[in-house]
Amino acid sequence: YQDKEEVVLWMNTVGPYHNRQETYKYFSLPFCVGSKKSISHYHETLGEALQGVELEFSGLDIKFKDDVMQTTYCEIDLDKGRRDAFVYAIKNHYWYQMYIDDLPIWGIVGEADENGEDYYLWTYKKLEIGYNGNRIVDVNLTSEGKVKLVPNTKIQMSYSVKWKKSDVKFEDRFDKYLDPSFFQHRIHWFSIFNSFMMVIFLVGLVSMILMRTLRKDYARYSKEEEMDDMDRDLGDEYGWKQVHGDVFRPSSHPLIFSSLIGSGCQIFAVSLIVIVVAMIEDLYTERGSMLSTAIFVYAATSPVNGYFGGSLYARQGGRRWIKQMFIGAFLIPAMVCGTAFFINFIAIYYHASRAIPFGTMVAVCCICFFVILPLNLVGTILGRNLSGQPNFPCRVNAVPRPIPEKKWFMEPAVIVCLGGILPFGSIFIEMYFIFTSFWAYKIYYVYGFMMLVLVILCIVTVCVTIVCTYFLLNAEDYRWQWTSFLSAASTAIYVYTYSFYYYFFKTKMYGLFQTSFYFGYMAVFSTALGIMCG
């Protein structure tokens, strides 16, 4: 900024403290606007539109390094309807958010006295702005001027601005919003260490199973090779060698199966890239930039989806590859957009700022049809041509072999249910931190932790599914594809169950809008996590 240049105070949203996502336009409450009308243009990004950022000009006249003494900027004519609106807002602990130069400022609307009969409105906004050179590096708001709400009176709203020199560097101006004591708590480090120990234990277990048990199996099978034919027919062969003629049989419902695998590879690629970008660039400093980045990366990684899904479908002998490509391309977008569409109806009913504008919906649909689909097609064609030929080491028998009776704990359903426990155990502390930064007012910035947890989750999931598949094949059941996918994907069920616990014991959310928002998007998050693990 140059000296005396205009500094814009944007009013963002107002809403109940306990429901972070339930926000309304600031001027939906009967606040009055300052006298200054003209304003340089403000441009909104896709991520902001989806997250319900509704910046409106406050009308306060603020100039760079120009102190303002306490000045009345407008007055509210308090009739009964307006008083009721303010009383409702104060009862529900409404607070509002403003921005100066992209720095967020929070203030509370008012407060009630102890017995809850009289309600007071804060009328005086006292701004202290710190500058370093020609940049704004720090903003503080003090709310003063408590005025009792009495019907049919006039309430004067005032503000003052004080500029002070600050030593904070422009790059570090967001540090005061971060909460190291919460995110870098001993528990956080301990949980990472704990998961790491579990990884070492699991890798040891898997290598032991594969080394010792397979060596025994090989010894047993090679001994049987040496018998003559008569003995072998009478001998009691058992174990995984029996299913060699069926193990490469295509899975049931190969179309859905390969679409899920393709989508999972894509979600994994997106998670990896977004976490790396967030570690390098501080994405949390800009409104909506995390979401915009995720959407862009998701669209750009579509060939990954096509490649893995298409090649798997071709290897399983699938014929309807165009249908598979469409399902693979639109599986995740349809799930996310379907949930958003449903919640949007509630948001429109509530007149919340989270209601997604029609233009933004069109933009997202265009991304799906004109970016994701063509890139998916490219990936599918590459996948079919480069690795679409089945190259299995043994032939598939013409007649499927009957599956023998097995103990109840070897049934695929049981294996699937038990498979998700260990991956969930390795991530659930991190889930707590991620949930808190999304549903409460913390800014998540420890992406190094998130990267470690992602790596740990991958290793644990791989080990668990190897063990599950080994047990299943040893019980002479060759239906391993879905079992290996679902035994990892069942992590999603545990995460979703944990989100119920989190809702009832860790948050104070209430109301239809916030509850449906919470459980709707938690379902999307859990499903995506499950598909990725699978």
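Its first residue numbered 846, the sequence shown is counted upward by one per residue in my numbering. Ideal Cβ placement from N, Cα and C applies to all residues, glycine included.
Nearest C-alpha to PHE1273 among TYR871, TYR1339, ARG1246: TYR1339. In this structure GLN1161 touches PRO1095 by the C-beta definition: roughly 4 Å separates them, less than 8 Å. It is roughly 27 Å from the alpha-carbon of ALA1064 to the alpha-carbon of ILE1260.
Taking 8 Å as the cut-off, the beta carbon of PHE1153 is found no closer than this to the beta carbon of ILE1112. By the CB criterion at 8 Å, SER1332 and THR1310 fall inside the cutoff. Separation of ARG1164 and LEU1128 (C-alpha to C-alpha, rounded to the nearest whole angstrom) is 43 Å. For TYR1363, the closest alpha carbon among the candidates CYS1308, TYR1323, ILE1188, TRP951 is that of ILE1188. For HIS1098, the closest alpha carbon among the candidates ASN977, TYR1158, GLU1126 is that of TYR1158. In this structure, the beta-carbon distance from ILE1000 to LEU923 falls below 8 Å.
The three-state secondary structure of ASN1236, taken from DSSP, is coil. LYS993 has TYR965 as its beta-bridge partners, per DSSP. Inside the stretch 882-939, DSSP marks whole alpha helix (DSSP H) runs of 4 or more residues at positions 891-896, 925-936, from first to last along the chain. In this structure GLY1224 touches VAL1149 by the C-beta definition: roughly 6 Å separates them, less than 8 Å. With at least 16 other beta carbons inside 10 angstroms of its own, THR1184 counts as buried.
Comparing alpha-carbon positions, the option among TYR846, GLU920, ARG865 lying closest to MET1354 turns out to be ARG865.
Rounded to the nearest whole angstrom, the C-alpha separation of ILE1120 and ALA1114 is 10 Å.
Sorting LEU1267, LEU948, TYR1315, GLN896 by C-alpha distance to the C-alpha of LEU1023 places LEU948 at the top.
In chain order, LYS910, VAL982, TRP1008, LYS1010, SER1011 place their CB closer than 7 Å to the CB of TYR976, counting only its own chain and leaving out the 5 sequence neighbours on each side. Beta-bridge annotation (DSSP): TYR1004 is paired with THR916, LYS970. LYS1351 sits in a helix when the DSSP states are folded into three classes. In this chain, the alpha helix (DSSP H) harbouring GLY1375 covers 1357-1378.
Of all alpha-carbon atoms in MET856, GLY1155, LEU1374, the one lying nearest the alpha-carbon of ILE1226 is that of GLY1155. Under the three-state reduction of DSSP output, VAL1244 falls in the coil class, being neither helix nor strand. Residues ILE935, LYS936, ASP963, TYR964, TYR965 of the same chain have their beta carbon placed closer than 8 Å to that of ALA957, with the five preceding and five following residues left out of the count.
Taking 4 residues as the minimum length, the alpha helix (DSSP H) runs contained wholly in the stretch 1012-1056 are 1025-1028, 1031-1053, in order along the chain. The beta-carbon separation of THR1328 and THR1314, rounded to 7 Å, stays under the 8 Å limit for a contact.
Three or more beta-carbon pairs separated by less than 8 Å link the stretch 1029-1046 to the stretch 1286-1303, which places the two stretches in contact. Under a 10 Å Cβ-count criterion, THR916 is classified as exposed, with fewer than 16 other Cβ atoms of the shown protein chains found around its own Cβ.
Closest in C-alpha terms to PHE1027, from the list GLU1275, PRO861, PHE1316, comes GLU1275. Distance from the Cα of VAL992 is smallest, within the candidate group VAL954, GLU973, TYR871, for VAL954. Burial check for ILE1193: the Cβ neighbour count within 10 Å stays below 16, so the residue is exposed. LYS1086 carries a helical assignment under DSSP once its states are collapsed to helix, strand and coil. Residue environment: THR1058 is assigned as exposed (fewer than 16 neighbouring CB atoms within 10 Å of its CB, all protein chains considered). Beta-bridge partners of THR1130 (DSSP): none assigned. Counted as a single uninterrupted DSSP element, the stretch harbouring ASN857 is not any alpha helix (DSSP H) but the beta strand (DSSP E) occupying residues 854-861. A distance of 8 Å or more separates the beta carbons of ILE921 and VAL852.
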